[in-house]
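Number of protein chains: 2
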Amino acid sequence: MTSPSGSDPIAAASANWVRRDVVDAMAAATSIMRAQQIVLAAVDAELRPLGLTFARFEVLRLLAFTRRGELPMGKIGERLMVQPATVTNSVNRLESDGLVERRAHPTDRRATLACITARGRRLAERATDTLDAMRYGLADLDDADLRTLTAVIGTLRRAVGDFDDAA
Amino acid sequence: MTSPSGSDPIAAASANWVRRDVVDAMAAATSIMRAQQIVLAAVDAELRPLGLTFARFEVLRLLAFTRRGELPMGKIGERLMVQPATVTNSVNRLESDGLVERRAHPTDRRATLACITARGRRLAERATDTLDAMRYGLADLDDADLRTLTAVIGTLRRAVGDFDDAA
DNA sequence: GCAGGATATTTCGACGTCGAAGTATCTTCA
DNA sequence: TGAAGATACTTCGACGTCGAAATATCCTGC
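Protein chains in written order, with the working numbering: chain E, -14 to 152; chain A, -14 to 152.
Given below as structure tokens:
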């Protein structure tokens, strides 16, 4: 399975076909990993002076965009596409920093609401301005490239169900 | 700085321009983060039964591609674009699993060579076949999309110096 | 020949993320 | 209505990654 098996020309051609395909896939996968590393490093570097990370910023921004400034933990995980344990961790840190408060859910005693504080809102503003100013680490790409990137990845996300109506 | 300041139409237009730009950048950044999460999850899931992670697989594959099957720790970090501490960690785990051995560098006593073992080579083969078969989690993208992705990210990587002659 | 600076690794602590297991609380349906 | 299953969180341990500090070993210029 590892190398083309000998002399069958059809198998050989097929193997080459598959191999070209695979090389492209590996290159793309590697590129994606590296792109994430680049963007995250740039963004986190900007956020560090503010005492934030991108992960926590995302939670804060999500809450700030909400009508009442609060959301059940589970919803946060759904929107941000991370496991519940990750939300617990982020909210713990945000709460330690006084940027978010946990409150009881009014009707469901299993659930916990994360509620953004005034300080949290102010910091979210500042952080958003900061990241907007450096274009989220993507200042070197033009608008067309940005849209292309988002579109292609959109295909991938659609394929894995990111945009299901259920969500 | 947070919201457009009142009535100046030029400022307002400029703000809108900037905002559109920024929205694209944020969308692209979010897409990149999510794409990495999708690809890494898919790849790691395939590798888990083999007792590997993508990070360790990359080290193994890099060593396997080398003439003598060995490389100084520092070189590994350079090629894989990770910090020295990350290489130390990966090689520690690979060494515990008998997939790699540390050896003294013949001429530079500061340096350490990571050397792939026979078991390491065999596992790298199997892992490569496995990942090739599932196209590195990108089976849902066609060849054109894969190349587009790699090309656009290439622009970004060039901008941050990934392809400097020095490297 | 040696002092000072560069380079190669490791150690340490911090963080985000995951998966699995555990606990508390709904909800459903027989 | 009461047991069985679904949900919402948290806890725990594992892992990859980083940045900073520490250690050991070159290397350079005087």
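All residues carry an ideal CB built from backbone N, CA and C; glycine is no exception. Quantities reported herein were computed from a predicted structural model and do not represent experimental measurements.
Query	Result
7 Å Cβ shell around A:Ala152 - same chain, five flanking residues per side excluded	Annotation note: pLDDT 46 at A:Ala152 (below 50); position unreliable, coordinate value reported separately. Correct list, in chain order: Glu63.
Expected contact under 8 Å - CB spacing of E:Val85 and E:Ile101 to nearest Å	6 Å
Closer than 9 Å at the beta carbon, the chain A residues around E:Asp125	Thr140, Leu141, Arg143, Ala144 and Val145
Residue-chain proximity (A:Gln21, chain E), Cβ-Cβ < 7 Å	yes
Any chain A beta carbon closer than 7 Å to E:Arg64	no
Inter-stretch contact at 8 Å, needing at least 3 Cβ pairs: the region 47 to 59 of chain E / the region 134 to 149 of chain E	no
Runs of beta strand (DSSP E) wholly within the region 60 to 126 of chain E (minimum 3 residues, chain order)	85 to 89 and 97 to 101
Integer Cβ distance of A:Glu43 from A:Leu65, believed to fall under 8 Å	6 Å
Test: E:Arg46 CB closer than 7 Å to a CB of chain A	no
Chain-ordered neighbours of E:Asp117 on chain A, where CB pairs are closer than 7 Å	Val7
Interfacial residues, the region 66 to 86 of chain E to chain A, with Cβ spacing under 7 Å	Met66
Min CB distance A:Thr97 to chain E below 7 Å	no
Per-residue DSSP class, three states only, for E:Val56	In the sequence as presented, Val is not what sits at residue 56 of chain E; that position holds Leu. Note: E:Leu56 maps to strand in three-state DSSP.
Counted within 10 angstroms of its Cβ, other Cβ atoms place E:Gly59 as buried (16 or more) or exposed	exposed
Rounded C-alpha distance that separates E:Ala124 from E:Thr113	15 Å
Endpoints, the alpha helix (DSSP H) within which A:Leu48 is located	Phe39 to Ala49
Residue burial classification, E:Thr135 (beta-carbon count within 10 angstroms, cutoff 16)	buried
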